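Residue numbers (this note's numbering), protein chains in the order written: chain Y, 57 to 207; chain A, 57 to 207.
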DNA sequence: CTTGCTCCTCTAGTCGCTAGAGGAATTAGG
DNA sequence: CCTAATTCCTCTAGCGACTAGAGGAGCAAG
């Protein structure tokens, strides 16, 4: 089934994943170690390219490496139930929704800050004032979640 | 002007910033090194607590440490123009807007994925299929930006 | 005077890469 | 056939903004 034989550079060009990132994925066991040429270079087959494309797409959608690992494992066992994959995707969707809500709240507050700026001296700057005195803003964001999630 | 004298634990409770994080802020020069008690413990004053509150609020709004450093410096020199603070805040606002747009696009695609899931076997799972075959989705997100920004 | 809490410093780990050093192999051109 | 450019190899270290844990010292209450 493995027809083509691609160098890592070709794999990078085709998949859009950078060369060091491909090696990184191999190092963490996300991508299998491909066979090597006589000179010691990685030789990828079509299946590897598909896997790389899968990974890339999943990363673009913000799935974490561990989630992608789980999804790849599900893909490798096609007789299993869809439920696990569904749950992973739903979980990611909920994260995205929460993140959008949180960022929208931030946006409102930031807009209030910059709109209120009188462009005068710093000692009357709305931006600085708002940051210094939390009570001057719609103080909902200071809940108990950590401040700045990664995605 | 420095009236109260707070331990690092009290400062953490009042500001909502964790103890190790306060020490971290000191180590990177964001928070000045406070005087110590005889026993070698940090003794914070009111000004330090205000500064911590400022930092916390700015972090909640997603400002990077370097941006906060700049904003604090502006606060310390009240005669300066407001323009710099305004620019920093506007820049952050633009980032947030871009991020919301990008996440909204992700949300649409994730919704399509989970809605199309027939809850059957993995070999007909829409989630896995979509990830494997990029052309099956509204393939706009694979532009040239890096996949998952930090905030 | 002991118990338990807070505090101290220091190092290392998190995540998902990215950058760079130093060297070997391949490919294109002369 | 030789050289130069390109690609590849491994390895270590760095990014941002913390977080976790080791190992030890101070301090307040009973």
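Heads up, the beta-carbon is just placed ideally off N, CA and C, and yes, glycines get one too. A quick note: this is a predicted structure, and the numbers were derived from the prediction, not measured.
Cβ neighbours of residue i in the same chain (closer than 8 Å, five flanking residues each side left out)
i: residue 188 of chain Y; result: none
i: residue 86 of chain Y; result: 111, 121, 124, 125, 128
i: residue 148 of chain A; result: 117, 118, 119, 123
i: residue 130 of chain A; result: 136, 140, 141
Residue i: first and last residue of the uninterrupted alpha helix (DSSP H) it sits in
i: residue 163 of chain A; result: 139 to 171
i: residue 14 of chain Y; result: The shown model of chain Y, from 57 to 207, leaves out residue 14 of chain Y, and the question about it has no answer.
i: residue 186 of chain A; result: 182 to 188
Same chain, Cβ closer than 7 Å to residue i, five either side skipped, listed in chain order
i: residue 83 of chain Y; result: none
i: residue 114 of chain Y; result: 124, 127
i: residue 201 of chain Y; result: A caution first: residue 201 of chain Y carries a pLDDT of 41, below 50, which makes its placement in the model unreliable, though a value can still be read off. Here the set comprises nothing.
i: residue 169 of chain A; result: 182, 183, 186
i: residue 75 of chain Y; result: 64, 65, 68
Residue i to residue j span [Cα, whole Å]
i: residue 166 of chain A; j: residue 152 of chain Y; result: 9 Å
i: residue 108 of chain Y; j: residue 172 of chain A; result: 23 Å
i: residue 105 of chain Y; j: residue 67 of chain Y; result: 6 Å
i: residue 157 of chain A; j: residue 158 of chain Y; result: 13 Å
i: residue 65 of chain Y; j: residue 142 of chain Y; result: 33 Å
i: residue 91 of chain A; j: residue 134 of chain A; result: 25 Å
i: residue 96 of chain Y; j: residue 121 of chain Y; result: 27 Å
i: residue 73 of chain A; j: residue 88 of chain A; result: 15 Å
i: residue 77 of chain Y; j: residue 164 of chain A; result: 27 Å
i: residue 175 of chain Y; j: residue 63 of chain A; result: 38 Å
i: residue 144 of chain Y; j: residue 145 of chain A; result: 35 Å
i: residue 154 of chain A; j: residue 154 of chain Y; result: 16 Å
i: residue 93 of chain A; j: residue 100 of chain A; result: 10 Å
i: residue 182 of chain Y; j: residue 160 of chain A; result: 30 Å
i: residue 71 of chain Y; j: residue 132 of chain A; result: 49 Å
i: residue 98 of chain A; j: residue 98 of chain Y; result: 55 Å
Any chain A beta carbon closer than 7 Å to residue i
i: residue 147 of chain Y; result: no
i: residue 129 of chain Y; result: no
i: residue 152 of chain Y; result: yes
i: residue 87 of chain Y; result: no
i: residue 73 of chain Y; result: no
i: residue 143 of chain Y; result: no
i: residue 70 of chain Y; result: no
i: residue 166 of chain Y; result: yes
i: residue 159 of chain Y; result: yes
i: residue 117 of chain Y; result: yes
Own chain residues within Cβ distance below 6 Å of residue i, not counting five before or after
i: residue 79 of chain Y; result: none
i: residue 60 of chain Y; result: 102
i: residue 139 of chain Y; result: none
i: residue 69 of chain A; result: none
i: residue 81 of chain A; result: 87
Cβ of residue i within 7 Å of any chain Y Cβ
i: residue 184 of chain A; result: yes
i: residue 163 of chain A; result: yes
i: residue 62 of chain A; result: no
i: residue 22 of chain A; result: With chain A running from 57 to 207 in the structure shown, residue 22 of chain A is simply not present.
i: residue 108 of chain A; result: no
i: residue 187 of chain A; result: yes
i: residue 67 of chain A; result: no
i: residue 114 of chain A; result: yes
Residue i: CB within 6 Å of a non-hydrogen atom of the ligand NAP
i: residue 68 of chain A; result: Absent from the structure shown: the ligand NAP. Ligands present: none.
Alpha helix (DSSP H) segments (min. 4 residues) lying fully within the segment 70 to 103 of chain A: 75 to 83
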